[in-house]
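S.K.: Under mature numbering (1 follows the signal peptide of the UniProt record, and there is no 0), residues -28 to -1, 1 to 257 are what the sequence shown spells out, in order. Positions of the beta carbon are idealized from the N, C-alpha and C atoms, including for glycine. Please find one structure pasted underneath; my questions will follow.
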Amino acid sequence: MPVLDFPSYSHLPSLLLALLLKLTGTSSEDFQVNQPESSVSAKAGDVITLGCNIPAPSPVGPVLWFKDAKLERKLIYSFNGRRFPRVSQVVNPMANQTDYSIRINDVSPKDAGMYYCVKLTIGHPDMAYIAGPGTYVSVSGVTNEMFNVQQAEISQTVSPGETLTLSCSVPDSFPNGPVLWFKGTGPNRELIYNFQRGLFPRVNQVGNMAKAGNKDFSIRINEISLKDAGTYFCVKFKEGKPDIEYQSGRGTKVTVTGTRNNFVPDTPGRHFLATKGTNLNKNLL
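The following block contains the structure:
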């Protein structure tokens, strides 16, 4: 997750903060970012909810969630429509302008730390306005990431024309062999992506395959259409002659709803994801 580089809210000059509050008609005594839980305890694999409430009205500007503070802080969630694997909003902030709580799925020990809900003002760039007191998350137990192919999302919903990101993490302790993405199961499943070879229009890898110890085998599918609906599986194979399926992720069900504006009629092959996938699929099966 990217690190956002803006001035630390803890160093915002008090006079500037007072001026911002005055301009928005809010007093420093009245305006607060409320994080009701000072701490949350969980076991590996649990789902946790981090509460955040911001009073209305509030200054114009985004609300972000960060893990930790100062130079090591990491962006956890933004309410701007961008997708964050394993993290989702609890309610739609467009319908409720006060609740900015988030939910984190399948937590592991590496998720332990302090989480801050931060309200920013609009500027160039956005500058920190005020933050909640923080919620400390502790995670106990052994994560099953060491033993299983992980697909963070059980389901996703997208609209035609959008870009879909499917996350997959494969333990580096697994035996040598390729990782492939399929749509569907059984002998007629469709090969969506092979990280080693093949041409796959509209599909790109997210992780850096050249990086030593890479575990990220997520993919991104562009220009989604109604034909892309289905369940997608990230599958690890064990090297051999032929390669043998070693373990599959639990699958991510993709629902495609609605229509987009400026619809462009289909052209032959426009939605065919794997031009060289058929023969490779047969070899693997």
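Kindly indicate which three-state DSSP category Lys213 falls into: helix, strand or coil?
M.R.: For the purposes of this step, residue 213 is taken as the residue at position 241 of the sequence shown. If DSSP states are grouped into helix, strand and coil, Lys213 belongs with coil.
S.K.: Can the beta-carbon of Arg58 be found less than 8 Å from the beta-carbon of Ile76?
M.R.: Working through the sequence shown from its first residue, we reach residue 58 at position 86. Working through the sequence shown from its first residue, we reach residue 76 at position 104. Against a cut-off of 8 Å, the Cβ pair of Ile76 and Arg58 comes out as a contact.
S.K.: With DSSP as the reference, identify every bridge partner of residue 260, one or two as the case may be.
M.R.: Beyond the ends of the chain as shown, which are -28 and 257, falls residue 260; an answer cannot be given.
S.K.: To the nearest angstrom, how far is it from the Cα of Asn160 to the Cα of Ala103?
M.R.: As a working mapping, residue 160 is identified with position 188 in the sequence shown. As a working mapping, residue 103 is identified with position 131 in the sequence shown. So the two alpha carbons sit approximately 52 Å from each other.
S.K.: Is it the case that the segment 128 to 145 contacts the segment 44 to 52, given that we only count it when at least three CB pairs across the two stretches are under 8 Å?
M.R.: Judged by Cβ distances under 8 Å, the segment 44 to 52 makes no contact with the segment 128 to 145, as fewer than three pairs qualify.
S.K.: Flag this pair as yes or no: are the beta carbons of Tyr165 and Ile191 separated by less than 8 Å?
M.R.: Within the sequence shown, the letter at position 193 stands for residue 165. Within the sequence shown, the letter at position 219 stands for residue 191. Cβ distance < 8 Å, so Tyr165 and Ile191 count as in contact.
S.K.: Quick check on Tyr108: buried or exposed, where buried means 16 or more other Cβ atoms within 10 Å of its Cβ?
M.R.: In the sequence shown, residue 108 corresponds to position 136, counting from 1. Label assigned to Tyr108: exposed.
S.K.: How is Leu171 classed by DSSP in three states: helix, strand or coil?
M.R.: By 1-based counting over the sequence shown, the position of residue 171 is 199. Coil at Leu171, not helix or strand.
S.K.: What residues match up with Gly85 in a beta bridge as DSSP calls it?
M.R.: On the sequence shown, position 113 is the one that residue 85 refers to. Paired residue(s): Val109.
S.K.: Could you round the C-beta distance between Asp200 and Val226 to whole angstroms and report it? I think they count as a contact, below 8 Å.
M.R.: Locating residue 200 in the sequence shown gives position 228, counting from the first residue. Locating residue 226 in the sequence shown gives position 254, counting from the first residue. With a Cβ gap of about 6 Å, Asp200 and Val226 count as contacting.
S.K.: For Val151 and Val63, I'd like the C-alpha separation in whole angstroms.
M.R.: Reading the sequence shown from its first residue, position 179 is the one you call residue 151. Reading the sequence shown from its first residue, position 91 is the one you call residue 63. Roughly 35 Å separates the two Cα atoms.
S.K.: So, for Gln168: in the same chain, excluding its five sequence neighbours on each side, which residues have a beta-carbon less than 7 Å away from its beta-carbon?
M.R.: On the sequence shown, residue 168 is found 196 positions in, with the first residue counted as 1. Contacts found: Pro150.
S.K.: Taking the straight line between their C-alpha atoms, what separation do you get for residue 258 and Tyr72?
M.R.: The structure shown does not extend to residue 258, since the chain is modelled only from -28 through 257, so no value can be given for it.
S.K.: Taking the alpha-carbon positions, what's the Gly174 to Lys155 distance?
M.R.: As a first step, residue 174 must be located in the sequence shown, where it is residue number 202. As a first step, residue 155 must be located in the sequence shown, where it is residue number 183. For the record, residue 174 in the displayed sequence is Arg; it is not Gly. When rounded, the distance between both Cα atoms is 15 Å.
S.K.: Measure the alpha-carbon distance for Val35 versus Ser11 and round it to whole angstroms.
M.R.: Position 63 of the sequence shown, counting from 1, holds the residue named residue 35. Position 39 of the sequence shown, counting from 1, holds the residue named residue 11. When rounded, the distance between both Cα atoms is 20 Å.
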